[in-house]
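K.L.:
Quick mapping for you: the protein sequence lines, in order, are chains A and B. Position in the first sequence (from 1) plus 93 gives the number in this note's numbering. Position in the second sequence (from 1) plus 1372 gives the number in this note's numbering. Pasting a structure below so you can have a look.
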Amino acid sequence: MATTVPGTMPIPSRPTRNHPPGEVRTCDTTGLTVCTTADKFVRYHAVSAVVFLAVGGVGAILLALTRWPAVHLLSAEWYYRVLTLHGLNMLIFWILNFEIALLYFLPTALLGTRLYSKALAWVGLALMTVGALLVDYVILVGDADVLMTSYVPLLAHPLFYLGVIVFAVGALVGVGNFFGTLYIAKRDHTYEGSMPLVVFGATAAAIIAVVTLLHGAVTLIPTFLWSIGLMDAPDPGWYRITWWGLGHMSQQVNVCAMVGVWYFLGTLTTGAKPLSESVCRGAFVLYILFINVASAHHILVDPGVGASWKIWNTSYAMYLAVLASMIHGFTVPASVEVAMRKKGYNQGLFGWLINAPWGNPGFSGFFFSLVIFGFGGGITGVVLGTQQINIMAHNTLRIPGHFHVTVVGGTTLAFMAVTYYVVPLVFRKEFYARTLCKIQPWLFAIGITMVGIGMSFAGSYGVPRRTWDAEHAGAAFPVGIDPGAHVMLGLMGIGALIAFTALLLYVGLVVAAVFFGRSNEGTKMQAWHIERDLKESVKREFEHEAGDHHVPGTVVLVGVFLASFVVYYFANWKWLADVWWVR
Amino acid sequence: MSITTQPPGWFRAPEGAERVWIGVAFLWCMVMTVAMPYWHFYGKQNATGDSYRVTPIEFRDRVDRFIETYKIGEDKGVPLVAPPPGGDAYLQAQMWKWTPVLQLKKGQTYRLHISSMDLQHGFSLQPVNMNFQVLPGYDHILTLTPTSSGEFSIVCNEFCGIGHHLMTGRILVTE
């Protein structure tokens, strides 16, 4: 057969195994030793994640069609209800379930160990499921129209807070199980040397997750006690700071997990290898150390905290976490470039990129995720999170414009991309309609990019976020919106239709494969793309001329990125200089 | 490979283009780090978070006294108030209105006190597009100098219940 599975790895020699009998198998595609218990929970969490993604996705399209003034679909009551539902299902239930799946999958598969505890895995799964269902129920019966942030003194039904707390405890149990797995892998010597980069990234994500979930507990337990009458209302200023310790930091868990997935898919789809392990790992360490102060990004125009606190924290302590992202933004494409050039795709600056396996949804999804997160999310995030520039952005649509290209165009797209490997390798089922699979990441990337651009620029015209009617019809003092903002909201609406179509496609393809797909047990997974034959002479020439650091294409890409960053950054300072003076 | 374990001795200092990029990125981060303190001292637009504790009842009293002292008329049933240039002005946020309508003079500076009677609100001045958070219990003080004249809208941009989109107000700026 002419096909090869890209990224088939050599079987590393491993001194010991720690799996109980009957709970281990050898992967038919990769040759890795797989813990079947971990596999089972990966499947449960992945299915659960996709269900919540579908719920949140239905919410997404209803919201977009309401914010698009030409359609204005929902009533005010249902707009805020669905907005609450959408936020929690997407940002918490979908993402965290998928992340727990990754935290069980990566160490057990790549370190050759068993899962630490089956009982803990059941407890975590049960708590997460019960918590999420409770929250969704309370929202849908109309007892928690408080949006995701539930800013006090807005008051929801006590079961709303309880549901979130139960879910968070479940997630914490899952993260604990991950650390336990790392511990027994080390104790039982299931691997030699240092853990793989991808597992290192997952560990960074898990450490941030612990800090995040503790913030959640500190915020929501007193709020819950207040809702049942046992405590006074928490201070609204204090609530915002600690809640965003949960709200923003959980997005940094997503960033970490997403970057881990980029490295993982870069290797699986092109055989990419990091240029320097120390640089990649160092960047993850910078995340752990500095990313946790980002809760300040939501407090920049608040009363109660002073300018020096805001400036220091908003810079992530001198932007060292931004530095980490910029490092990953270089090393990920550079490692793909090196791998592709070694295969002989060595023409010009971008021959490696043009000839990359764009028909492989694992590759296209990952690379679009990288580009959308970097150019869209990274640049807007830093600019909006600049203390003074935030005056022009706080609570406008620029904010959701930013996080829809980070957490949706970035994290969600990366998770979708990795699903095209998780289903054949863990569920051991093949996808149907493989052409549709190949189109899906493209469609989603186009749609979500339009959503991000539409929201960001509508927000630049001052259109608020979280408002049922940006035209304020019926208000005492009429406030219209700029015609330019109308165009941008239309762009958002059309983009949302495209992205929603791609999301439905994803859910449909995954459900069809998982429940009705052809089993590939006993054989290798069907390859997503076929490596073309290459001329040996070309290959030799490349190896002769340049080492591992010949990455002119990536240098051009990051140059364009930095130029866009600098232009957008200073343009915003210029716009700021034109508004009223304020101190 | 990013998915295989690393044998001891994997640590390597960055080299080549990667090393250069780390240096360039770090420099850019330092530029951005310096930009904010620079603007704090030399720029004209800063959110300093100047604020004091205040209960909703105390704040309402101050707003009422302020309106009584400087009221010059009404706009759509809302008191129209012209505070003295250089002095204090008050704005009360509550579900779902802003009180009063302020008439300011271009180029004059005012200490604008904003607080909420109930939930969290968002002070969003349009079409200038300046946005500040308003919390109950906090007297948030903006030392504000209008640099353009005309009719400006205040929109609430923090969710405050079902009538959130009805919560609009006015600031008039005369030459």
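Built from N, CA and C at the ideal position, the CB exists for glycine as well.
Where does A/G646 fall in DSSP's three states?
P.N.:
Residue 646 of chain A sits at position 553 when you count from the first residue of the first sequence. Of the three classes helix, strand and coil, the one that applies to A/G646 here is helix, per DSSP.
K.L.:
Return the chain-ordered list of same chain residues with a C-beta closer than 8 Å to the C-beta of A/V303, the five sequence neighbours on each side being excluded.
P.N.:
Indexing the first sequence from 1 puts residue 303 of chain A at position 210. Contacts found: L265, V268.
K.L.:
Counting only beta-carbon separations shorter than 8 Å, does A/L669 have a partner in chain B?
P.N.:
As a working note, residue 669 of chain A is residue 576 in the first sequence. By this cut-off, A/L669 is an interface position.
K.L.:
For the beta strand (DSSP E) that contains B/S1496, what are its first and last residues?
P.N.:
On the second sequence, residue 1496 of chain B is found 124 positions in, with the first residue counted as 1. Where B/S1496 is concerned, the enclosing beta strand (DSSP E) stretches over 1493-1498.
K.L.:
Mind checking which residues open and close the beta strand (DSSP E) that includes A/V65?
P.N.:
Because residue 65 of chain A is not part of the residues shown, which for chain A are 94 to 676, the question remains open.
K.L.:
Where do the ends of the beta strand (DSSP E) carrying B/Q1464 lie?
P.N.:
Against the second sequence, residue 1464 of chain B aligns to sequence position 92. B/Q1464 -> beta strand (DSSP E) spans 1460-1466.
K.L.:
List the endpoints of the continuous alpha helix (DSSP H) containing B/D1433.
P.N.:
Here residue 1433 of chain B is taken as the residue at index 61 of the second sequence, counted from 1. Run containing B/D1433: 1428-1442, per the alpha helix (DSSP H) assignment.
K.L.:
I'd like the list of long-range same chain contacts for A/A639, defined as Cβ closer than 6 Å, with 5 residues on each side in sequence excluded.
P.N.:
On the first sequence, position 546 is the one that residue 639 of chain A refers to. In this prediction, A/A639 scores a pLDDT of 45, lower than 50, which makes its location untrustworthy; the coordinate-derived value is nonetheless stated afterwards. Result list for A/A639: empty, nothing under 6 Å.
K.L.:
B/H1493 CB to nearest chain A CB: under 8 Å?
P.N.:
For the purposes of this step, residue 1493 of chain B is identified with residue 121 of the second sequence, where counting begins at 1. With 8 Å as the cut-off, B/H1493 does not count as an interface residue toward chain A.
K.L.:
What are the residues that DSSP puts in a beta bridge with B/M1502?
P.N.:
Counting from one through the second sequence, the residue named residue 1502 of chain B turns up at place 130. Partner(s): B/L1497.
K.L.:
What residues in its chain sit with their C-beta under 8 Å from that of A/L529, if we drop five residues either side in the sequence?
P.N.:
Within the first sequence, the letter at position 436 stands for residue 529 of chain A. Excluding sequence neighbours, A/L529 sits near L598, L602.
K.L.:
Please name the residue in A/Y380, A/F654, A/C373 whose C-alpha comes closest to that of A/F468.
P.N.:
Here the question's residue 468 of chain A lines up with position 375 in the first sequence. With distances taken between Cα atoms, A/F468 lies closest to A/F654.
K.L.:
From the DSSP output, in three-state form, read off B/R1425 for me.
P.N.:
Along the second sequence, read from residue 1 onward, the residue named residue 1425 of chain B stands at position 53. Strand at B/R1425.
K.L.:
How would you write the range of the alpha helix (DSSP H) that A/D229 sits in, first residue to last?
P.N.:
Position 136 of the first sequence, counting from 1, holds the residue named residue 229 of chain A. Element bounds for A/D229: 211-233.
K.L.:
Please state if the CB of B/V1545 and the CB of B/P1525 are separated by a distance shorter than 8 Å.
P.N.:
Locating residue 1525 of chain B in the second sequence gives position 153, where the first residue counts as 1. Locating residue 1545 of chain B in the second sequence gives position 173, where the first residue counts as 1. The sequence given here has Ser at residue 1525 of chain B, not Pro. In this structure, B/V1545 does not lie closer than 8 Å to B/S1525 by Cβ.
K.L.:
Just confirm the distance between the C-beta atoms of A/F77 and B/K1448, as a whole number of angstroms; I'd bet it's less than 8 Å.
P.N.:
Nothing about residue 77 of chain A can be reported from this structure: the residues present for chain A run from 94 to 676 only.
K.L.:
With which residues is B/V1473 paired in a DSSP beta bridge?
P.N.:
In the second sequence, counting from the first residue as 1, residue 1473 of chain B sits at position 101. Its beta-bridge partners are B/L1452.
K.L.:
Strictly below 8 Å CB to CB, what residues from chain B border A/D328?
P.N.:
Counting from 1 along the first sequence, the entry for residue 328 of chain A is found at position 235. Per Cβ cutoff of 8 Å: G1509.
K.L.:
If you drop the 5 nearest sequence neighbours on each side, which residues of the same chain put their C-beta closer than 7 Å to that of A/G444?
P.N.:
Working through the first sequence from its first residue, we reach residue 444 of chain A at position 351. Around A/G444: Y438.
K.L.:
Tell me, please, whether the CB atom of A/I154 is closer than 8 Å to any CB atom in chain B?
P.N.:
Against the first sequence, residue 154 of chain A aligns to sequence position 61. With 8 Å as the cut-off, A/I154 does not count as an interface residue toward chain B.
K.L.:
Is A/N453 close to chain B? Criterion is C-beta to C-beta, closer than 8 Å.
P.N.:
As a first step, residue 453 of chain A is located in the first sequence; it is residue number 360 there, counting from the start. Closer than 8 Å: no.
K.L.:
Considering only their Cβ atoms, is the gap separating B/Q1378 from A/S287 smaller than 8 Å?
P.N.:
Working through the first sequence from its first residue, we reach residue 287 of chain A at position 194. Working through the second sequence from its first residue, we reach residue 1378 of chain B at position 6. The answer is yes: Cβ separation under 8 Å.
K.L.:
What residues in its chain sit with their C-beta under 6 Å from that of B/Q1466, if we drop five residues either side in the sequence?
P.N.:
On the second sequence, position 94 is the one that residue 1466 of chain B refers to. The answer, listed in chain order, is M1489, D1490.
K.L.:
Could you tell me whether any Cβ in chain B is nearer than 8 Å to the Cβ of A/T424?
P.N.:
In the first sequence, residue 424 of chain A corresponds to position 331, counting from 1. Interface residue, yes.
K.L.:
In whole angstroms, what is the alpha-carbon distance linking A/L35 and A/L155?
P.N.:
With chain A covering only 94 through 676, there is no way to say anything about residue 35 of chain A.
K.L.:
Would a C-beta distance cut-off of 8 Å place B/R1542 and B/V1473 closer than the cut-off?
P.N.:
Here residue 1542 of chain B is taken as the residue at index 170 of the second sequence, counted from 1. Here residue 1473 of chain B is taken as the residue at index 101 of the second sequence, counted from 1. Yes, these two residues count as a Cβ contact at 8 Å.
K.L.:
Determine which residues of the segment 469-497 of chain A have a Cβ less than 8 Å from any Cβ of chain B, and write them out in chain order.
P.N.:
Answer in chain order: V475, T479, Q480, Q481, N483, I484, M485, A486, H487, N488, T489.
K.L.:
Using only the alpha-carbon positions, how far apart do B/P1409 and A/G294 sit?
P.N.:
Looking up residue 1409 of chain B in the second sequence gives position 37. Looking up residue 294 of chain A in the first sequence gives position 201. Cα to Cα, B/P1409 sits roughly 33 Å from A/G294.
K.L.:
Please classify A/Y172 as buried or exposed, where buried requires at least 16 other C-beta atoms within 10 Å of its C-beta.
P.N.:
For this step, residue 172 of chain A is matched to residue 79 along the first sequence. A/Y172 is buried by the Cβ-count criterion.
K.L.:
Can you confirm whether A/K628, when its beta carbon is compared against all beta carbons of chain B, has any partner nearer than 8 Å?
P.N.:
Looking up residue 628 of chain A in the first sequence gives position 535. Caution applies to A/K628, whose pLDDT of 45 falls short of 50 and renders its modelled position unreliable; the value that the coordinates give is listed next. No, A/K628 lies away from the interface with chain B (no Cβ there is under 8 Å from its Cβ).
K.L.:
Going by the CB atoms, is the gap between A/A387 and A/H421 shorter than 8 Å?
P.N.:
Along the first sequence, read from residue 1 onward, the residue named residue 421 of chain A stands at position 328. Along the first sequence, read from residue 1 onward, the residue named residue 387 of chain A stands at position 294. Contact flag unset, no.
K.L.:
Of all Cβ atoms in chain B, is any one closer than 8 Å to the Cβ of A/H642?
P.N.:
For this step, residue 642 of chain A is matched to residue 549 along the first sequence. Closer than 8 Å: yes.
K.L.:
State the DSSP-derived secondary structure class of B/R1483, mapped to helix, strand or coil.
P.N.:
The sequence position of residue 1483 of chain B within the second sequence is 111, counting from 1. DSSP places B/R1483 in strand when its eight states are reduced to three.
K.L.:
With 8 Å set as the bound, which would you pick, yes or no: does the beta-carbon of A/S549 sit closer than that to a beta-carbon of chain B?
P.N.:
Against the first sequence, residue 549 of chain A aligns to sequence position 456. Taking Cβ atoms only, chain B never reaches closer than 8 Å to A/S549, which makes this a no.
K.L.:
Would A/K531 be called buried (16 or more neighbouring beta carbons within 10 Å of its own) or exposed?
P.N.:
As a first step, residue 531 of chain A must be located in the first sequence, where it is residue number 438. By the 10 Å Cβ count, A/K531 comes out buried.
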